[in-house]
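See below for the structure under consideration.
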Amino acid sequence: DTGVSQDPRHKITKRGQNVTFRCDPISEHNRLYWYRQTLGQGPEFLTYFQNEAQLEKSRLLSDRFSAERPKGSFSTLEIQRTEQGDSAMYLCASSPGRSGRTDEQYFGPGTRLTVT
Amino acid sequence: AQKITQTQPGMFVQEKEAVTLDCTYDTSDPSYGLFWYKQPSSGEMIFLIYQGSYDQQNATEGRYSLNFQKARKSANLVISASQLGDSAMYFCAMSLVLGAGGTSYGKLTFGQGTILTVHP
Numbered sequence: 780d781t782g783v784s785q786d787p788r789h790k791i792t793k794r795g796q797n798v799t800f801r802c803d804p805i806s807e808h809n810r811l812y813w814y815r816q817t818l819g820q821g822p823e824f825l826t827y828f829q830n831e832a833q834l835e836k837s838r839l840l841s842d843r844f845s846a847e848r849p850k851g852s853f854s855t856l857e858i859q860r861t862e863q864g865d866s867a868m869y870l871c872a873s874s875p876g877r878s879g880r881t882d883e884q885y886f887g888p889g890t891r892l893t894v895t
Numbered sequence: 051a052q053k054i055t056q057t058q059p060g061m062f063v064q065e066k067e068a069v070t071l072d073c074t075y076d077t078s079d080p081s082y083g084l085f086w087y088k089q090p091s092s093g094e095m096i097f098l099i100y101q102g103s104y105d106q107q108n109a110t111e112g113r114y115s116l117n118f119q120k121a122r123k124s125a126n127l128v129i130s131a132s133q134l135g136d137s138a139m140y141f142c143a144m145s146l147v148l149g150a151g152g153t154s155y156g157k158l159t160f161g162q163g164t165i166l167t168v169h170p
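Sequences listed follow chains A and B, in order.
Residue numbering for the first sequence is 780 to 895, as defined by my numbering.
Residue numbering for the second sequence is 51 to 170, as defined by my numbering.
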């Protein structure tokens with residue numbers, strides 16, 4: 780059973796360029812989450828999907844950010860017109876969406892974005 | 051809105067000793083879940099332990115236990131018999147829970163973390 784995978788692991792881009800990240804959740808997990816983590820801080824929630832439906836978006840997610848999960852499997856996070864303040868680690872997590880006590884989230888290794 | 055506060059930027063402990071990492075939270079929801087995650091220097095977040103707001107007993111998972119004091123709104127993590135491999139960043143987090151004793155769901159709200167260093 781493979782874990783959550785993210786691609787690329789590192790991305791360096793120039794200010795103003797667009798970038799896209801991919802997340803492959805654990806198979807059969809129907810919930811998928813995106814978080815952003817800056818150095819020395821805890822992750823901040825960006826958005827989450829149940830299957831292909833985007834159920835919640837943070838106010839942090841400006842109109843330059845868009846996320847999709849077209850077939851309810853992998854997800855992409857796109858940042859348009861990147862700014863230096865977008866430099867961060869972007870974490871993806873998935874959860875089974877099961878009933879019971881806890882629907883714990885399993886995290887991927889993250890994509891580190893550096894905007895120069 | 052939910053808020054998590056971790057007031058200890060760094061903690062040091064001797065190998066084989068116990069250590070307590072502090073976490074306080076704030077929420078107006080009566081049903082919530084509290085999590086602890088470990089983030090080693092490699093970056094991945096590892097789930098450690100969970101406590102539901104309606105759980106009567108403190109959660110335990112191996113060497114990890116959660117000291118849950120609802121009236122004080124605190125959920126401290128206790129690591130017993132520290133090992134060198136416990137050196138990492140530790141995050142407390144909160145989510146909503148569906149009904150009393152129900153399943154946690156939705157986004158996690160994280161604290162700022164505590165760096166734990168275990169000395170040999």
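Backbone N, C-alpha and C fix where the C-beta goes; we use that ideal spot for every residue, glycine too.
- With 16 or more neighbouring CB atoms inside 10 Å of its own CB, Gly161 of chain B falls in the buried class.
- With respect to chain B, the C-beta atom of Asp882 of chain A has a partner C-beta closer than 8 Å.
- Non-local C-beta neighbours of Gly163 of chain B in its own chain, meaning closer than 7 Å and more than five positions away in sequence, comprise Gln56, Met139, Tyr140, Phe141, ordered along the chain.
- Leu870 of chain A and Pro804 of chain A have their C-alpha atoms some 12 Å from each other.
- Every unbroken stretch of the beta strand (DSSP E) spanning 3 or more residues and falling wholly within the region 827 to 853 of chain A is given here in chain order: 832 to 836, 844 to 847.
- For Pro888 of chain A, the closest Cβ of chain B is nearer than 8 Å.
- A straight-line Cα-Cα distance of about 40 Å links Tyr827 of chain A and Lys66 of chain B.
- With a threshold of 8 Å between beta carbons, Tyr812 of chain A makes contact with chain B.
- When DSSP states are grouped into helix, strand and coil, Gly156 of chain B belongs to the strand group.
- Between the alpha carbons of Glu807 of chain A and Ala872 of chain A lies a gap of roughly 13 Å.
- Here DSSP, grouped into helix, strand and coil, assigns Gln785 of chain A to strand.
- Contact between Phe886 of chain A and Met95 of chain B holds, since their C-beta atoms are separated by about 4 Å, short of 8 Å.
- Leaving aside the five residues that flank Lys790 of chain A on each side, the residues in its chain whose CB is nearer than 8 Å to its CB run, in chain order, Val798, Phe800, Thr890, Arg891, Leu892, Thr893.
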